[in-house]
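Quick notes on the structure that follows.
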Amino acid sequence: MLSVLAILILIGCNNAAKVRSEHDDVKYDLTKNEEALLDSIQYRTFLYFWHECNHENGLVKDRSTEKSPASIAATGFAVPAWAIGAERKWITRDKAVGLTLNLLRFLINSEQSTAKDATGYKGFYYHFLNMKTGKREWNCELSTIDTAWLLAGIRFASQYYDRNNKQEKEIRSLADSLVNRVDWDWTIIQKSKHDSHENLVAMGYKPEEGLGDFGWFGYTEALYLYILAAGTNLTNPQKAYQQWISGYDWVEPYEGLAHVGFQPLFGHQFSHMFIDFRRLADEYMQKKGIDYFENSRRATLSNWKYCIDNPNGWAGYDLLTWGISACDGPGDFERDGKRFFGYAGRGATGPDDFIHEDGTITPEAAGGSVPFAPEICIATLKNLYEKYGSKGLWGKYGFKDAFNLTVDWYDTDYLGLDQGPILIMIENFKTGLIWKYAMRDPIIQNGLRRLNFSSLTKN
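Just so you know, we're using this note's numbering here: the sequence shown kicks off at 1264 and counts up by one.
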């Protein structure tokens, strides 16, 4: 195995794409110390989904604060988190089954209506729910993408809990009922002020305003959403999908790292938690000659190289201190002529393509990209733990959400939306557990088929 230093030098010489052939798996052998570190990260991150959860209804907090509502996306991420806990013997399988059942029973019986305090409508769910009552919180939107992440966890459960007993049979039955009652056709935007957003899946709905005017357009985390919709009941998935792809932006910020761009790194990670895209491509990616896994690898390496180059001169960025994605931040203010932000969709594709970039680093960026680029991501997690853990970055649930060395700020919160990718993607790298079961789902397979995904053809 190449040493970390040798690999970093190799990548730094613009040979990044050669470390993984476009048609081969990433090769990386863990040392015992690295395996122990990843185990520790996973265990503490798992505890978030166990302790920041209402065990009566299965809802999981958006963040670790006392009064936080539930996030339906974080709740979706919790379902495979509980399964990982069972696999590792941190909890029993029976406990994972029981908690998963409590969640699914709550969801199937929750109010689906146009009432302002309902839990959902048309099979979709509000972005934030009251942890106790499960009712809509914060006057939030009915979210198509967050519902997709809730269903992603549920679809995983439908395959993972495969035993022939009453409880696991009920999980499978409820999982099918929940996904089949989602009305995807209702979300398609028929007329919009923005012509490019017609025929797309809308981002959200509010009973006070109706269906939103913006749809999922151009490469984002919504790749999974379109595959899920195609696999269930969306009447014309190709029409919506081709309109979505028409917004793709093919970029080459660094030599050898051409990819479909999207600045925040989470957009290159979330869909990959539940779909194994290795050697799998749609018609667009077939023409480009790479799969979406390789695309995410290149996006990760571009994010890393951007931080090394550090064009805006932030404190602390280096080979093993990097990672720009959506996360908490130090707050909305200016200092020494530089602008800082609170929570924001931070991201960077290259020196001329970044957003909300204020020197804030999130461990989720490296943690959620471990399968794509283990040679830099694992070394980065080790460095963040050893160098900054005792300064405030590490705690009872693993890594805090973010830190900023320019203003000497460390977050005090953990966010479920960022905890999930760390836990799940490390597991996919180590065992492929979530990929293994999620890819067995006939709904996902049907969605891939209807959107013309096929094995990547070697050029």
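Note that beta-carbon positions come from the ideal geometry of N, C-alpha and C, so glycine has one too.
In the DSSP assignment, the alpha helix (DSSP H) including residue i goes from what residue to what residue?
i	result
G1679	G1679 to K1693
A1378	Where A1378 is concerned, there is no enclosing alpha helix (DSSP H), given that its DSSP letter is neither H nor E.
T1410	T1407 to Y1423
F1525	Segment: none, F1525 is in no alpha helix (DSSP H) and carries neither H nor E.
Y1660	Unbroken run through Y1660: none, as it is neither H nor E.
F1533	F1533 to F1537
W1567	Y1555 to D1572
S1436	K1429 to N1443
Y1504	P1500 to I1508
Expressed to the nearest angstrom, what Euclidean distance is found between the alpha-carbon atoms of residue i and residue j?
i	j	result
S1727	G1478	As displayed, the chain neither begins before 1264 nor continues past 1722, which places residue 1727 out of reach and without an answer.
I1452	Q1501	15 Å
E1484	D1409	10 Å
M1702	E1297	28 Å
S1440	Y1423	17 Å
T1407	F1556	24 Å
A1607	R1426	42 Å
E1597	G1622	13 Å
A1279	G1630	No answer about A1279 holds up, because its pLDDT of 47 lies below 50 and its placement is not dependable.
G1613	Y1504	27 Å
G1275	K1352	Only weak support exists for where G1275 lies, its pLDDT of 48 falling under 50; the value from the coordinates is given anyway. If you take the alpha carbons of G1275 and K1352, they lie about 40 Å apart.
E1472	L1370	24 Å
S1373	G1386	10 Å
H1286	D1616	The predicted model places H1286 with a pLDDT of 48, which falls under 50 and marks its position as unreliable, so this point remains unresolved.
R1435	K1693	26 Å
H1314	Q1549	43 Å
K1699	L1564	26 Å
G1710	I1490	5 Å
L1392	A1381	9 Å
M1688	L1696	10 Å
N1558	S1632	12 Å
K1432	L1362	15 Å
Y1468	D1591	25 Å
T1396	G1481	36 Å
I1685	G1658	15 Å
F1635	L1520	13 Å
Y1677	Q1375	30 Å
K1429	V1342	19 Å
L1405	A1359	28 Å
Y1389	C1403	7 Å
T1720	D1288	15 Å
P1637	P1470	44 Å
Between which two residues does the beta strand (DSSP E) harbouring residue i extend?
i	result
K1469	G1467 to K1469
Would you list the residues sitting across from residue i in a DSSP beta bridge?
i	result
W1698	W1698 pairs with nothing; no bridge assigned.
W1513	V1523
C1316	V1323
Y1389	L1405
A1333	K1324 and L1392
Y1673	F1666
C1590	A1607
S1717	A1544
D1581	T1584
L1383	Going by the sequence as given, residue 1383 is Gly instead of Leu. The partner list for G1383 (beta bridge, DSSP) reads Q1375 and Y1388.
R1399	L1392
With a 10 Å radius around its C-beta and 16 neighbouring C-beta atoms as the bar for buried, classify residue i as buried or exposed.
i	result
T1294	exposed
H1318	exposed
D1512	exposed
T1328	exposed
D1454	For the record, residue 1454 in the displayed sequence is Lys; it is not Asp. It counts as exposed.
D1581	exposed
W1401	exposed
E1627	buried
P1729	The structure shown does not extend to residue 1729, since the chain is modelled only from 1264 through 1722, so no value can be given for it.
N1499	exposed
H1535	buried
P1705	exposed
A1378	exposed
A1465	buried
T1675	exposed
D1545	buried
S1331	buried
D1664	buried
H1457	exposed
N1566	buried
G1416	buried
Segments assigned alpha helix (DSSP H), at least 4 residues, entirely inside the segment 1594-1650: For the segment 1594-1650, whole alpha helix (DSSP H) runs of length 4 or above, ordered along the chain, are 1626-1630.
Go through the segment 1449-1486 residue by residue and report every complete run of the beta strand (DSSP E) that reaches 3 residues or more, in order. 1467-1469
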